[in-house]
Structures are given as structure tokens and as C-alpha cells.
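Take 163 as the starting number for the sequence shown in our numbering and just add one per residue.
Report on the structure given below.
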Amino acid sequence: MVLLLSFGILLDYLINDIITIQGLFTVLFLFAGMIVIEYARGGSFHTAGFPLDTKTLLEMMLAVVLGMMPIVGLIIVLSFFDLAHISYCSIFPLSGLVPIIMYAIIEELIFRGMIFQACIDRFSFAPTALLFSTIFATAHISNPSFDVLSMINTFLAGLLFSFARYHMRSLWLPIVLHISWNCTLFMTGMTLSGLEISESFMKIYLSHDIPSPWLMSSYGIEGTAYCTLALIAMGIFISTIDVPPQRQARIFRMEYTISS
């Protein structure tokens, strides 16, 4: 039933929005390209960034929680101090989530996909992460209300996603984390990267007394000092997660085969 409902939502949006059709083809093209190239160099679906092992499901669930927690936590605190008021919408078009999800996947496949991994193999992680995070941040420069702190936080988000990809030897964590963050902002009706959300599951009315840019800004939560601390905290937490040994073994086996 859930699968049928999800398929119906997707089909409804694909029929009514040509941009989403282009987005779907972009996702499929990027994904297929990564898999083909990885197989050509002696790898597999697993080493391309999509490992299926004992921790895959747990990794995805953790990413969902990490993406939601800073946003939901802030809303709860602001509501407790009467700085935010919540109203629920009677009609919420679930199909609006489709482009939010697709754009997050496309960004991760572009910025943390095959080219990212190839640059790590050639130049090591640190310079590659800095370069791709800078490009990731500048890609958002045309968003409304984009300022210095928004730039810093978008750069840090790029570093976070890059580190998640590198540390976990997987794209599952950065992709699902990115989706979870964006979807939580969308469903709560909060500003998403400077973009106002007109239709959502709920609407958060924020008080003008909220200190800016500490807890809120015209760019949204992503333009705040709170977001800066949240991104750093998430990075520290991800660094404590153990990587399944079979992931390391697959990558080592592939690299050994290529070098020999």
C-alpha cells in the first residue's frame, strides 16, 4: 500500500511537472554513469558508493534523524519560549516533496559522486573536500538573502557531506542526510536556503524577537550561528561511527587489483 501510494505521488508529479521529468532523467543518468564507470575500473555497485551490508539500513535511519533533529529541536525550543507558533495545513501536496528529494540526490551525485572519488584517489581527501565544498557553496550564491554566514554554512554543509561520503565509504549517509534536512524544512514551512515555502504540512510563525543571526535569519536556519554549531556537531558525531569492515575490504581488493 505504501509503495503504491508513493508511486502514485511520483506519477502525479511527473505528469504535471516537466522539470521533475528532467530531474528524474538526470538522476538516472548520473547513477547509471557512476555504476558503468565503476564496473569498468574493476569495482561494483558497492564500491561505487552504494554498499548493501549489515549497517546500510541503520546508516539511512541515522541520516534521517540527523537531518531532522537540529530543525525540530530548534522549533521545540522556540515554541517553549513562545517565540514560534505552529499551525497545521488542511491540504498538503505530498508531490511537492518529489523535487526536493530529487534536487538533493542530484547535488550529492554531482558533488560527492565519481568525480569526487577520483579526485580523492589522485589528490587525497582534504584538498578535494575543500574544492568541492567551495563549488557547492558558490552554486547557492544566487539564492535570495544569501550572505556571508549563509556562504560559510553552505561550505560547512559541503564539508559535512564530503566527510560523510569519505568516512562511511558510502553515498547513503550524505544523500539521505541531505534529503532529510531539506524535507524537514519543507514540511515545517520554514525558509529553505533563502526560498520561501508556500505549501507545507505545517506553518511556523516566528517572532521578530528571535535573535538574528544567532537562531534565525532571512535565509532561514541555514544562515544562523546555530546552524554552524549543528553542522560541526554532526561532523563530530559522524566521525565516531564505525565503518563496516567489509566496505574497507571491497575497496582495498579493488584498489589492489587495479594496481597489480
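C-beta: ideal position from N, C-alpha, C; glycine also.
Review point. Span of the alpha helix (DSSP H) holding Leu224?
Key: 218 to 242
Point to revise | Inter-residue spacing [alpha-carbon to alpha-carbon] between Thr296 and Ala288 | key: 12 Å
Point to revise | CB of Met349 within 9 Å of CB of Leu220, strictly | key: no
Check your understanding: With a Cβ-Cβ cutoff of 9 Å, do Arg331 and Ser206 count as a contact?
Key -> no
Exercise for review: Buried or exposed for Phe278, please, with buried defined as at least 16 other CB atoms from any protein chain shown within 10 angstroms of its CB.
Suggested key: Burial state of Phe278 is buried, judged by a 10 Å Cβ sphere holding 16 or more other Cβ atoms.
Check your understanding: Would Leu339 pass as a contact of Gly211 if the rule is Cβ separation under 9 Å?
Key -> no
Review point. For Ile403 versus His329, is the C-beta distance shorter than 9 Å?
Key: Cβ atoms of Ile403 and His329: closer than 9 Å.
Check your understanding: Is Ala424 helix, strand or coil by DSSP?
Key -> Because the chain here runs from 163 to 422, residue 424 falls outside it and cannot be looked at.
**Study point:** Contacting residues, own chain, Cβ-Cβ under 6 Å from Leu271 (five flanking each side not counted)
**Key:** Leu192
**Study point:** C-beta atoms of Thr290 and Ile303 nearer than 9 Å
**Key:** no
Practice item. Tell me the start and end of each unbroken beta strand (DSSP E) in the stretch 347 to 394 that is at least 3 residues and wholly inside, in chain order. Key: Entirely contained in the stretch 347 to 394, the beta strand (DSSP E) runs reaching 3 residues are, in chain order, 364 to 368.
Exercise for review: Can you grab the Cα-Cα spacing for the pair Gly385 / Phe323, in whole Å?
Suggested key: 18 Å
Point to revise | 7 Å Cβ shell around Asn344 - same chain, five flanking residues per side excluded | key: Cβ neighbours of Asn344 beyond the five flanking positions: Ile262, Ala266, Leu354.
**Study point:** For Asp215, three-class secondary structure by DSSP
**Key:** Asp215 falls in the coil class under three-state DSSP.
Exercise for review: Go ahead and pull the three-state DSSP assignment for Tyr175.
Suggested key: Note on Tyr175: pLDDT 47, under 50, position unreliable in the model; the coordinate value appears next. In this structure, Tyr175 counts as helix in the three-state DSSP scheme.
**Study point:** Reduced DSSP category for Ser257 - H, G, I as helix; E, B as strand; rest coil
**Key:** helix
Exercise for review: Could you give the DSSP three-state label for Cys345: helix, strand or coil?
Suggested key: helix
Practice item. Would you mind stating whether Trp376 and Tyr367 have Cβ atoms separated by less than 9 Å? Key: no
Check your understanding: Which residue's Cα is closest to the Cα of Leu236: Met352, Glu361, Ala194?
Key -> Met352
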